[in-house]
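The opening residue of the sequence shown carries number 11 in the numbering used here; numbering runs sequentially from there.
By construction, the Cβ of each residue, glycine as well, lies at the ideal position given by its N, Cα and C atoms.
For clarity, every value in this text was computed on a predicted model and none was experimentally measured.
In what follows, a structure is listed as structure tokens, so that the remarks can point back to it.
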Amino acid sequence: MVINKSFSKQFLWLIGTFFILFVVGMSTLLGYESYIANVYQQKNALLEQKEASVRNIDDGFEQAILQSRGYVAFSNKSMLNEALEQDRKIELEMERLQKLISSQKDLLFMNEVSAFHTYYFRSLLPNGIRTFEEKGLEDLQKLVSTQQSSIQIADFRAYVKEYSFGIDKELESNFNMLVQKLNYSQWFFVGYLLLVLGGLFYMARVMVRRIGQPLQQLAETAEEIASGKHVSLPETNGRLDEVGVLTNAFSQMVKALQTNEEEVMAQNEELIAQQDELQSQQDELQHALTIMQQREFELESRNEFTYSLADTLDQQKLLQSVVTSMAEVLKAHHGLVVSMKDLSIYASFGLTNNAVSQFMKSEDNGYILRAKEQRKSFTIKRLCKPSEKMYHEGDMYIHDLIIPVLSVEGEVIACMAYSRYNRAFSKNDLEMCEVLSKQVSIALEKINVYEETEHDRSLYQDILNSIHEGVQLFSQTGSILQVNTTMCELFKCPSPKEMLNHTFDQWSHKLLENVESGEELVHYMRSVLQGKSETGTTFTYKMHLNKKRRVMKVYSEEVYRNNQKYGFVFVHRDITKEYEVDEMKSEFVSTVSHELRTPLASVLGFTELMINKELKPERQKKYLTTIYQEAKRLTSLINDFLDVQRMEAGKQTYEKKYEDVLPIIKEVIQSHQVHASSHTVDLVTKVDHTVVLGDRDKLIQVFNNLISNAVKYSPDGGRVTILVYKQERNLCIDIKDEGIGIPKDSINQLFTKFYRVDNSDMRKIGGTGLGLAIVKEIVKAHDGDITVQSEVKKGSTFTVTLPLAEQLLKEEIIEVDGDCYANVVIVEDDQSLATLLQVELKESGFSVQYFSNGEDALSFIEASPPQAIVLDIMLKEDEIDGWKILERVKQNKELATIPIFISSALDEREKGLALGAHHYLVKPYQPSRLSKVILQTLLNKQEQSGQIMIPEDQDL
11 MVINKSFSKQ FLWLIGTFFI LFVVGMSTLL GYESYIANVY QQKNALLEQK
61 EASVRNIDDG FEQAILQSRG YVAFSNKSML NEALEQDRKI ELEMERLQKL
111 ISSQKDLLFM NEVSAFHTYY FRSLLPNGIR TFEEKGLEDL QKLVSTQQSS
161 IQIADFRAYV KEYSFGIDKE LESNFNMLVQ KLNYSQWFFV GYLLLVLGGL
211 FYMARVMVRR IGQPLQQLAE TAEEIASGKH VSLPETNGRL DEVGVLTNAF
261 SQMVKALQTN EEEVMAQNEE LIAQQDELQS QQDELQHALT IMQQREFELE
311 SRNEFTYSLA DTLDQQKLLQ SVVTSMAEVL KAHHGLVVSM KDLSIYASFG
361 LTNNAVSQFM KSEDNGYILR AKEQRKSFTI KRLCKPSEKM YHEGDMYIHD
411 LIIPVLSVEG EVIACMAYSR YNRAFSKNDL EMCEVLSKQV SIALEKINVY
461 EETEHDRSLY QDILNSIHEG VQLFSQTGSI LQVNTTMCEL FKCPSPKEML
511 NHTFDQWSHK LLENVESGEE LVHYMRSVLQ GKSETGTTFT YKMHLNKKRR
561 VMKVYSEEVY RNNQKYGFVF VHRDITKEYE VDEMKSEFVS TVSHELRTPL
611 ASVLGFTELM INKELKPERQ KKYLTTIYQE AKRLTSLIND FLDVQRMEAG
661 KQTYEKKYED VLPIIKEVIQ SHQVHASSHT VDLVTKVDHT VVLGDRDKLI
711 QVFNNLISNA VKYSPDGGRV TILVYKQERN LCIDIKDEGI GIPKDSINQL
761 FTKFYRVDNS DMRKIGGTGL GLAIVKEIVK AHDGDITVQS EVKKGSTFTV
811 TLPLAEQLLK EEIIEVDGDC YANVVIVEDD QSLATLLQVE LKESGFSVQY
861 FSNGEDALSF IEASPPQAIV LDIMLKEDEI DGWKILERVK QNKELATIPI
911 FISSALDERE KGLALGAHHY LVKPYQPSRL SKVILQTLLN KQEQSGQIMI
961 PEDQDL
């Protein structure tokens with residue numbers, strides 16, 4: 011073979027074999043490590059998905075429990091709805107977790123979660139809510155304690171946390187297994203490398219032996235020849251390599267020794283030179299092997315460093331990974347990396363907090379400043395401080411390496427510092443640091459871009475989610491780029507994140523499922539996306555949401571970015587209320603027209619008869635009575651409209667006094683019994699004290715409306731029962747009829763303005779739909795409430811609840827000794843009216859002082875403060891009018907508590923009450939009304955202080 015003819019080819023074959031074996035081993039190692047890394051990532055991703063689903067399920071149950079408890083604590087319906095919404099969210103997470111089951115433990119956990127979910131949302135929560143709403147908090151507490159639900163919830167949540175902890179342990183175990191396999195693979199490679207090196211050493215030894223032994227024989231032969239001995243020449247054994255050639259040559263040399271001794275010596279020296287050359291080649295091979303091992307270590311270190319940079323998007327974790335990996339690559343004893351944008355973000359290796367703080371201060375001392383100016387790595391050699399030498403004696407040096415990390419624009423975004431003892435950093439170290447710092451820069455820039463992108467995305471999503479309209483952003487190709495939570499809630503879609511990149515065809519299925527005539531809406535949106543319809547146009551459609559019909563309006567606009575069309579935005583707005591208001595207004599106009607025309611027709615008709623015909627007195631009286639009744643009906647309708655207008659404007663006023671409700675109800679019953687001969691009205695009283703603080707006229711209006719409705723909506727006659735009873739500290743009045751009843755779906759809107767039940771029987775009866783709305787506002791203004799219970803064809807029961815006033819009995823009024831009655835000052839410029847008021851108040855038992863001049867009245871009031879003041883606003887020929895007197899009295903701390911009753915022809919009630927007046931009487935009025943108002947006010951004040959003297963013969 012040719013290979014046996016040359017030592018150089020033998021050595022080349024040996025080196026080639028070693029290189030091939032090394033490459034095969036290295037490739038096998040890298041392939042195996044890549045494989046186990048992929049397996050680790052897949053398993054880790056599965057465990058992280060499990061952990062995220064378990065955490066979401068735990069958060070869902072926690073939110074449901076907290077919101078349901080909040081509902082019990084605060085009776086907030088929105089909190090209950092939010093608790094019930096967690097049912098669907100938990101089901102979605104359970105479905106997601108079901109797909110991730112990989113063990114019997116996971117299956118057992120899913121069964122436990124499913125069982126608890128069914129127990130909580132199908133049993134515990136509905137029963138608890140029903141018990142709370144029907145029976146109250148105490149029964150709910152009994153139910154909870156009986157079922158031991160709190161213990162079950164706590165056990166379940168502890169089980170979830172234990173399962174989550176188990177997943178964390180699996181993650182840790184998976185990581186440990188990855189590290190162990192990597193270590194095993196590296197040790198295997200080291201063993202493989204040692205084996206290859208051993209083989210190489212053995213082959214080299216064989217080759218040296220094949221060369222050295224013949225050469226030694228030749229040397230011995232030459233020595234013997236040199237000593238003059240006669241020896242036999244060594245045999246070549248048919249060798250064709252350099253040794254064989256040398257032996258043949260040596261033989262020829264011996265034969266020609268005597269004739270050419272110098273030639274023999276030269277050949278001998280040449281042989282020695284060749285031996286030296288072989289030794290030199292062996293040394294070079296060993297040196298090359300050492301360099302290769304060093305390069306291999308550097309390559310592994312760089313690979314690990316690069317992998318650590320790509321492994322996280324968290325800046326703090328990245329910096330910690332950088333400082334650890336760089337310290338390992340540089341064989342440094344200490345290391346530190348600091349972000350220049352925020353010095354509070356740093357990571358260290360082998361340093362204390364004091365050492366880190368000291369480096370931070372070095373920004374003023376020059377290290378960081380020098381790095382910013384030079385923008386290149388540099389080293390510093392210095393003597394170790396005593397604290398750094400530990401137990402070492404003598405001088406000891408430490409070498410510091412400062413590495414700036416530059417951004418693409420050349421800005422220093424971070425600074426790294428590494429130190430090691432008694433070994434300087436080489437030029438190769440500096441070059442490697444420059445390369446690795448660029449990778450760190452790229453990683454930091456990537457994190458900054460990610461954080462900015464994530465911040466902008468979260469901000470835009472939060473803005474969209476805060477909008478009450480549903481918003482969709484489509485690309486020009488028809489895929490969804492952005493959607494808000496309102497849109498997902500409207501169409502019962504997954505979360506906005508899950509809806510991204512859905513095509514319009516996928517979205518159109520949702521439209522067809524939830525929208526009436528969904529094909530038209532799909533056609534409209536598709537036309538906009540295809541450019542067949544102009545943007546800015548609107549489309550109205552109807553859908554059902556939570557078993558309620560909703561009217562929606564959608565409009566579209568083109569979206570541009572950098573003057574380039576980016577896509578289309580669709581905004582879906584709920585216009586149900588506006589739509590219903592328009593329908594109600596149209597219906598109201600029709601109803602009002604009918605309600606007004608009917609009595610007007612009667613008035614005009616009977617008036618025309620009386621003008622054009624001679625009628626008997628009896629018939630004239632009958633016609634006039636009809637005209638009067640229809641006029642009253644018109645007046646009542648107009649008053650209803652005005653009341654609604656004042657209530658909406660917040661200008662409705664109430665003159666509240668202590669009133670007995672029972673006489674008011676009897677008065678209303680008497681007025682209705684005249685016109686309702688086919689109905690029987692029964693009044694049942696189960697309480698003695700029926701006094702409330704209210705406006706008599708408004709209370710008459712309430713009961714008149716309710717009793718009138720009870721009669722009107724019982725067209726076939728029947729019994730109307732009015733039950734008066736006490737419930738805790740409230741007075742309750744039930745008005746029950748046996749009429750046509752109210753459908754359940756109409757009860758919630760019954761007290762809405764202009765609302766009328768969509769029922770043919772109701773329509774025949776007529777009405778404006780304002781009466782119950784007015785009743786609701788009046789009762790609410792009296793701190794009360796009104797509810798209704800009804801069943802179709804069986805009648806309705808309206809319940810008015812008003813707070814009871816403290817019972818005022820004569821024996822509770824403080825008795826008066828002698829003539830020490832309450833003193834009242836009257837300021838009035840009309841002598842006749844002042845005399846009338848004096849007589850009325852004195853007959854009521856009050857002591858009265860009268861003044862026509864404002865200055866005199868103020869002087870008297872300041873000198874002898876009365877218990878009440880009756881004040882006119884307009885005073886003749888006086889610089890001080892009633893407004894100034896009112897202001898000065900209220901500004902005086904000693905007089906501010908005196909009740910002031912304005913008696914004026916000016917109707918400026920709001921201004922008077924705002925300035926501090928207790929009551930406002932508009933002239934003309936009955937004098938007895940003034941005395942009753944003053945008496946009522948002083949009685950209230952007496953109850954609070956017990957110091958004001960009221961005549962004991964006064965009756966409420």
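In three-state terms, what does DSSP make of residue i?
i: residue 414; result: strand
i: residue 824; result: Low local confidence applies: a pLDDT of 33 at residue 824 is under 50, so the model's placement there is unreliable, with the coordinate-based value given in what follows. Residue 824: coil per DSSP, three-state reduction.
i: residue 577; result: strand
i: residue 96; result: helix
i: residue 422; result: strand
i: residue 327; result: helix
i: residue 396; result: helix
i: residue 856; result: coil
i: residue 741; result: strand
i: residue 773; result: In this prediction, residue 773 has a pLDDT of 49, which is less than 50 and means its spatial position is unreliable; nothing more can be read from the coordinates.
i: residue 746; result: strand
i: residue 431; result: strand
i: residue 795; result: strand
i: residue 334; result: helix
i: residue 809; result: strand
i: residue 479; result: coil
i: residue 491; result: strand
i: residue 113; result: coil
i: residue 22; result: helix
i: residue 761; result: coil
Do residue j and residue i count as a contact pair if the criterion is CB distance below 7 angstroms?
i: residue 543; j: residue 513; result: no
i: residue 837; j: residue 870; result: no
i: residue 716; j: residue 577; result: no
i: residue 565; j: residue 591; result: no
i: residue 413; j: residue 387; result: yes
i: residue 882; j: residue 913; result: yes
i: residue 810; j: residue 743; result: yes
i: residue 732; j: residue 745; result: yes
i: residue 696; j: residue 638; result: no
i: residue 747; j: residue 688; result: no
i: residue 932; j: residue 917; result: yes
Kindly identify the DSSP beta-bridge partner or partners of residue i.
i: residue 878; result: 834
i: residue 391; result: 409
i: residue 814; result: 702
i: residue 356; result: 348
i: residue 914; result: 932
i: residue 339; result: DSSP output for residue 339 lists no bridge partner at all.
i: residue 801; result: 805
i: residue 485; result: 577
i: residue 861; result: 837
Does residue i come within less than 7 angstroms of chain B when only Cβ atoms are used?
i: residue 741; result: In the structure shown, chain B cannot be found, because there is only a single protein chain.
Ranges of the beta strand (DSSP E) found wholly within the segment 668–737, counting only runs of at least 3: 689–695, 701–704, 728–737
Stretch pair the segment 436–456 + the segment 469–478: three plus CB contacts closer than 8 angstroms: With a cut-off of 8 angstroms, the segment 469–478 and the segment 436–456 do not count as touching, because too few Cβ pairs lie within range.
At least 3 beta-carbon pairs within less than 8 angstroms: the segment 119–136 vs the segment 152–167: yes
Sequence ranges, beta strand (DSSP E) only - wholly within the segment 504–590, length at least 3: 548–555, 558–571, 574–584
Entirely enclosed alpha helix (DSSP H) segments - the segment 41–111, minimum 4 residues: 87–108
The segment 104–113 contacting the segment 60–76, beta-carbon criterion three pairs below 8 angstroms: yes
Any 3 or more C-beta pairs closer than 8 angstroms across the segment 413–423 and the segment 323–331: no
In chain order, each alpha helix (DSSP H) run of at least 4 residues that lies wholly inside the segment 128–203: 135–145, 147–157
The segment 24–31 touching the segment 75–87, judged by at least three CB pairs closer than 8 angstroms: no
Cβ contact (3+ pairs, closer than 8 angstroms) linking the segment 617–632 and the segment 896–903: no
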